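So the protein sequences, as listed, match chains A and B. So the first sequence is residues 21 to 404, counted in the working numbering. So the second sequence is residues 78 to 306, counted in the working numbering. Since the structure comes first, as structure tokens, the remarks are kept for the end.
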Amino acid sequence: MSWEVAIERAVSHSVPNTYEVLARYPHIQQLAREVRKAKEEVIKNLDYYIEEFRKSVERIGGRFHLAERGEDAVETAAKIVGRGKVVVLGKNNVAIETGLRKRLEREGNEVWETDLGEFLIQIADDEPSHIVAPALHMTKEAAAEVLRRRLGMAVPPDPVAIAQRVREFLRDKLLKADVGITGANALAADTGAVVLVENEGNIRMVTVLPPVHIVYDGVEKIVPTLIHALYVANVQAAYAGLHPPTYINVTAGPSSTSDIEKHRVSPAQGPREYHVVLVDNGRRAAARDPVLWEALLCIRCGRCHLHCPVYWALGRQFGKPPYTGPMGVMWTAVTKGIEEAGPHALKCVHAGNCKEVCPVGIDIPQVIHEVRKRYLKNRSKPTR
Amino acid sequence: MLAALGAKTAGGLMLRPEREELERAYRILRNIYYALRHSGVEFRLLDDEPYSGALLYELGFEDDFAEYAREVYRYFKERDVKEVITVDPHTHYVLERVYPTYVDGFDISVVSYLDLLDAGKIRVKISGFAIHDSCLYARFLGRYERVRQLLAAGGPVENPYITGKETAGCCGGPVESIVPNLAAKIAFSRAQKLATLSRTVVSACPICLANLSRTGIVEVKDVAEVVEL
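Following this line, the structure appears as structure tokens:
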């Protein structure tokens, strides 16, 4: 089955759903404007908000780690996890950006992706094609084939059957897990809380079942307050065409109880450790860039992909996984630099659909044009 | 002054368009000329009109574009041009939105011919066609509704997921010179979708016209070929 079939199916399911959600819940557009304002405030004062967030995480009994480069982030997480552990992951693009899973595996850990799409990518030893739906390029037929070939699972090419079979397989891993690692839809500077939005229920289990929870994501996910973080979750889900989301998870520190004498102690049923590893990897430099800064507003809804004629034609060859599609070209520039992003920026047709459908109104064509311009300028410099 | 970029780009980005294509481009320009005259617009033509440099800008060659744009501006000023009527979206976009950033004191007003046509007098010669919007007109220059207003009498076939402002695809033209295979793929897919609405497609952009025509899937006409005043 080809990419053309897969993308056609995805667009025909998701695009009408998103329009329907936005028509049914018109207040979401107001929330999206609030999200833009909140994120702009943080990007303009990023170092201040990183520090505020750090203080909040420590206040609630968590441990805060700031990593300048991707390698530093991976090493920090590897140190927290240790060796010979069972690790479960919630879908996490920054983990892919920095190569976290493979690094943990090298330490003899058993590491499992628990998001269905990401799990399929893991067992196929493949790369993700979409920021929200990593296995978008796999049709149901391809997904069933991967399960059969890699894990010997006999499952019909039916999404319900595939989800059920993978659920059975992963349930055991989730119960055995020593460490759960998630990303973040938003991080609240006022409380140190992480907000995660999902539909599968895997993230809820990853954040609660293992004794250690590591939040691993980029510094740009910080918003001023927990209320803003909840706005982000709602807006992200709606613009992904999945509203109301089945779950919005809020985690603010290790589990605790104050049931005895009103004295709060930790842990209780959930994790005993709450770590936040924040990754810079080009983000703080982008925040200071007169054009690239806008990329940091992205809330990862993945809507721009589904309206982009270049993505329809090329899929994950437009951008570098996990950052593909229009937002992906910008984010390849943020995390890997102009030289890596440039060849992808050259493929942009400047159709402008991405800008029209972006919940936070990022002028994506302009950012991509800037990447293209800088890339060509670098190349026209005389070499010694 | 009537910008004749249309003629220069009607053959896609080929340097030497076929004679037939060239004649068609001139026919389109003549139609625009008369449509404007019949709408009561007064204007003159330059004998030798400079290209806007849109391609240099679109490809990202900023310094070359900036130098070229300053030359074009000087050329206009020497001829006392105060207002330019554009006949294609790429020239319009670059003159109106980009020149002011690169040319100090740029003070020439830019008007699209689409806005000058007398919609009350327009007769649409064909019906049951699909509209393929130029990306620039629809999503950057605010002409999505205007194109529909001009073509309304022809009863265009619309589908919100094929001809919607946010959902319509590009013709692929802007990457024709860099990644021709990608341009062809995008054009093919766009033409296939349009063909589910109608085999006849109307566009207001010479690049769209060339790129979609090349697919052989749909017959593409310029707006100026189907409206009459």
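Ideal Cβ positions, reconstructed from N, Cα and C, are used throughout, including at glycine. From a predicted model like this one, the values you see are computed outputs, not experimental measurements.
Problem set entry | Residue span of the beta strand (DSSP E) that contains Ala208 of chain A, given as start and end | First-last of the beta strand (DSSP E) with Ala208 of chain A: 206-208.
Exercise. Count the other CB atoms within 10 Å of the CB of Val243 of chain A; is the residue buried (16 or more) or exposed (fewer)?
Worked result: By the 10 Å Cβ count, Val243 of chain A comes out buried.
For this session: Return the residue from the list B:Val295, B:Asp165, B:Ile284, B:Phe206 that minimises the CA-CA distance to Val234 of chain B.
Result: Residue B:Phe206 is the option with its Cα nearest to Val234 of chain B.
Exercise. Looking at the C-beta of Val256 of chain B, does it have a partner C-beta in chain A at a distance below 8 Å?
Worked result: At least one chain A Cβ lies under 8 Å of Val256 of chain B.
Exercise. For the putative contact between Lys367 of chain A and Phe338 of chain A, defined by C-beta atoms under 8 Å, what is the C-beta separation to the nearest angstrom?
Worked result: Rounded, the Cβ-Cβ distance is 6 Å, consistent with contact.
Exercise. Just checking, does the region 275-287 of chain B make contact with the region 206-220 of chain B on the three C-beta pairs under 8 Å criterion?
Worked result: At 8 Å Cβ cutoff, the stretches touch.
For this session: Would you be able to state if there are at least three C-beta pairs under 8 Å between the region 213-225 of chain A and the region 39-49 of chain A?
Result: Contact between the region 39-49 of chain A and the region 213-225 of chain A is absent, because fewer than three Cβ pairs lie under 8 Å.
Problem set entry | Own chain partners of Lys85 of chain B with C-beta closer than 7 Å, once the 5 adjacent residues on each side are dropped | For Lys85 of chain B, the predicted structure reports a pLDDT of 46, less than 50, and the residue's modelled location is therefore unreliable. The matter cannot be settled from this model.
Exercise. Near Asp145 of chain A, which residues of its chain fall below 7 Å by C-beta distance, leaving aside the five closest residues on each side in sequence?
Worked result: The answer is none, since no qualifying residue turns up.
Exercise. Would DSSP call Ser189 of chain B helix, strand or coil?
Worked result: The three-state reading of DSSP puts Ser189 of chain B in strand, counting E and B together.
For this session: Determine the burial state of Ala333 of chain A: buried for a count of at least 16 other Cβ atoms within 10 Å of its Cβ, exposed for fewer.
Result: Flag for Ala333 of chain A reads buried.
For this session: Whole angstroms is fine: what's the gap from Pro385 of chain A's alpha carbon to Glu54 of chain A's?
Result: Those two C-alpha atoms are separated by around 22 Å.
Exercise. Between Ala371 of chain A and chain B, is there a C-beta pair that is closer than 8 Å?
Worked result: Judged by the 8 Å Cβ criterion, Ala371 of chain A is in contact with chain B.
Exercise. With burial defined as no fewer than 16 other Cβ atoms inside 10 Å of the residue's Cβ, what is the status of Ser275 of chain A: buried or exposed?
Worked result: Ser275 of chain A counts as buried, since no fewer than 16 other beta carbons sit within 10 angstroms of its beta carbon.
Problem set entry | Identity of the residue in A:His47, A:Thr134, A:Val114, A:Ala206 nearest His263 of chain A by Cα | Residue A:His47 holds the alpha-carbon nearest to the alpha-carbon of His263 of chain A among A:His47, A:Thr134, A:Val114, A:Ala206.
For this session: Have a look at A:His33, A:Asn269, A:Thr271, A:Ser286 and flag the residue whose alpha-carbon is nearest the alpha-carbon of Thr277 of chain A.
Result: The shortest Cα separation from Thr277 of chain A among A:His33, A:Asn269, A:Thr271, A:Ser286 belongs to A:Ser286.
For this session: Show which residues of chain B have a CB atom less than 8 Å away from the CB atom of Leu42 of chain A.
Result: Simply none; closest approach about 11 Å.
Exercise. Exposed or buried, which one is Asp135 of chain A when buried takes at least 16 other CB atoms within 10 Å?
Worked result: By the 10 Å Cβ count, Asp135 of chain A comes out buried.
For this session: Report all residues from its chain with a CB closer than 7 Å to the CB of Ser204 of chain B; omit the five preceding and five following residues, and keep chain order.
Result: Contacts found: Gly231, Gly232.
Exercise. Taking the alpha-carbon positions, what's the Leu250 of chain A to Ala206 of chain A distance?
Worked result: Those two C-alpha atoms are separated by around 8 Å.
For this session: For Ala287 of chain B, decide whether its Cβ has a neighbour in chain A, counting only Cβ atoms nearer than 8 Å.
Result: With 8 Å as the cut-off, Ala287 of chain B does not count as an interface residue toward chain A.
Exercise. Does the separation of the CB atoms of Val300 of chain B and Leu193 of chain B fall below 8 Å?
Worked result: For Val300 of chain B and Leu193 of chain B, no; Cβs fall outside 8 Å.
Exercise. The beta strand (DSSP E) with Ser280 of chain B in it runs from where to where?
Worked result: Note, Ser280 of chain B: beta strand (DSSP E), 277-280.
For this session: Kindly give me the distance between the Cβ atoms of Cys247 of chain B and Val369 of chain A, rounded to whole angstroms, as I take these residues to be in contact under 8 Å.
Result: Cβ atoms of Cys247 of chain B and Val369 of chain A come within 8 Å of each other, at about 4 Å.
Problem set entry | Test: Val252 of chain B CB closer than 8 Å to a CB of chain A | Interface residue, yes.
For this session: Mind reading off the beta-carbon distance from Leu316 of chain A to Ala307 of chain A? Whole number of angstroms is fine, and I expect it under 8 Å.
Result: So it is a contact: roughly 6 Å between Cβ atoms.
For this session: Determine the closest residue to Gly219 of chain B out of B:Lys202, B:Ala229, B:Val188, with distance taken between C-alpha atoms.
Result: Checking every option, the nearest Cα to that of Gly219 of chain B belongs to B:Val188.
For this session: Would you list the residues sitting across from Ala207 of chain B in a DSSP beta bridge?
Result: Bridge partners of Ala207 of chain B according to DSSP: B:Val278.
For this session: Check Tyr294 of chain A in the structure and name its three-state DSSP category.
Result: Correct three-state label for Tyr294 of chain A: strand.
Exercise. Which residues of chain B have a Cβ atom closer than 7 Å to the Cβ of Ala87 of chain A, listed in chain order?
Worked result: What Ala87 of chain A touches in chain B: nothing, since even the nearest Cβ is about 33 Å away.
Exercise. What residues in its chain sit with their C-beta under 6 Å from that of Ile27 of chain A, if we drop five residues either side in the sequence?
Worked result: Taken in chain order, the residues that qualify are Trp332.
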